[in-house]
Each structure stands twice: as C-alpha cells, then as structure tokens.
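Here is the structure we will look at.
Residue numbers (the working numbering): 1018 to 1199.
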C-alpha cells in the first residue's frame, strides 16, 4: 500500500483530488486557457478526481492503466462528448439516468469492440494466475534443468511457458516435480 491508500498515515483520496484540482485550475489560468468559471471548475475537479483515483486502485488495475501506450486525448474527448449528450438527453426527458448507451457525435453509438475490450483491460499479474513462476536461468541453476531442455519441452507442449515481456518466458513452478514436467 502506498501512503495515500492509508488515510490515517497520509492523505485521503478526496483531499488529494482537491489538491490536484487546485493545481490544475492554477495551471490553466496561468497559461491563459480561456474557460468560463464553471468550465474551469469542472475541468479542475475532473482532473483532480481522475488523478487522485489512480493511487487507490488495486495493483492489477494500476498496471493495466500504466501499460496503456496509446494517446489519452481521443478516449477523453469521446468520453466527454458522450457524457454531454447523455446529460442533454436526461435533461430533455426529465430523467436522472438514460438507459441507452452513450453516443459519440451525431447519434453514432460507441463501438462495441471498446466495450468488449474493457473486460480484457482487467489485467492480471502472471503470479496471481499461475502461482509462483521462474525464468529459465533460475530453473537451470536451482533444478539443473538445461534451458535447451526447457525449450524442447515447451515446443512439445509438455510444460507451460508464459510470456513475460517481449521475448522472455517464465514457467509456473507447480508443473515441475523432481526436475521433470508433472
């Protein structure tokens, strides 16, 4: 846990959001971004809430967010367009919520692949799924299994090797009994 996740020892999420919101408001004003008072307050509050939420997420969700390599501008713009339309529709109907999915632009629904990919973004650490894992060098040193043998077993499908990084693989240790695949 970070110091932000333990309110008695550190700062609460709400307090952190307030600090970030104030810093964003000052930065926007200092750099001459032309926004009315309400828009400035909303932008600051949203930025503060988003930034303050990250330290309080579980490690797997934090890892999924930090591993995202795309640009944040387009997803953020799409989110705000969808929210603006949703709020406008709710105001027209007088309801607090709208059951329809959010739309982007003129009545164009958000693509289903994005919604389907949301569940894939729930990243999971390899160790959480497979138990204790080790690389080929560790297995060679500890269990006296040559790396060439590991590679041969992997090609034959006798052992499970999980990719970790670009090229390297790790092996769940539970599959080895007495230096051989179980």
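We put the CB at the ideal spot given by N, CA and C, even for glycine.
Predicted model only: the values in this text are computed from it and were never measured.
For residue i, the three-state DSSP class (helix, strand or coil)
i            : result
residue 1048 : coil
residue 1067 : helix
residue 1041 : helix
residue 1035 : helix
residue 1197 : strand
residue 1092 : helix
residue 1138 : The predicted position of residue 1138 is uncertain, since its pLDDT is 49 and thus under 50; a value taken from the coordinates is nonetheless stated next. In this structure, residue 1138 counts as coil in the three-state DSSP scheme.
residue 1179 : strand
residue 1097 : helix
residue 1073 : helix
residue 1160 : helix
Under 9 angstroms between C-beta atoms of residue i and residue j
i            : j            : result
residue 1034 : residue 1066 : yes
residue 1156 : residue 1097 : no
residue 1030 : residue 1081 : no
residue 1071 : residue 1061 : no
residue 1154 : residue 1161 : no
Of the listed residues the options, nearest to residue i (C-alpha basis)
i            : options                : result
residue 1248 : 1167, 1173, 1195       : Since the displayed the chain opens at 1018 and closes at 1199, residue 1248 lies outside it and no answer follows.
residue 1148 : 1189, 1193, 1079       : 1189
residue 1036 : 1165, 1056, 1063       : 1063
residue 1040 : 1088, 1057, 1090, 1053 : 1057
residue 1182 : 1088, 1038, 1050, 1084 : 1084
residue 1055 : 1042, 1107, 1158       : 1042
residue 1191 : 1180, 1150, 1050, 1173 : 1150
residue 1159 : 1091, 1049, 1195       : 1195
Close-in-space but distant-in-sequence residues of the same chain around residue i (CB under 7 angstroms, 5 per side omitted)
i            : result
residue 1185 : 1152
residue 1079 : 1071
residue 1038 : 1061, 1062, 1064, 1065
Close Cβ partners of residue i (< 6 angstroms) along its chain, the five nearest in sequence each way excluded
i            : result
residue 1175 : 1198
residue 1171 : 1178
residue 1117 : In this prediction, residue 1117 scores a pLDDT of 49, lower than 50, which makes its location untrustworthy; no coordinate-derived value is stated.
Own chain residues within Cβ distance below 8 angstroms of residue i, not counting five before or after
i            : result
residue 1145 : 1077
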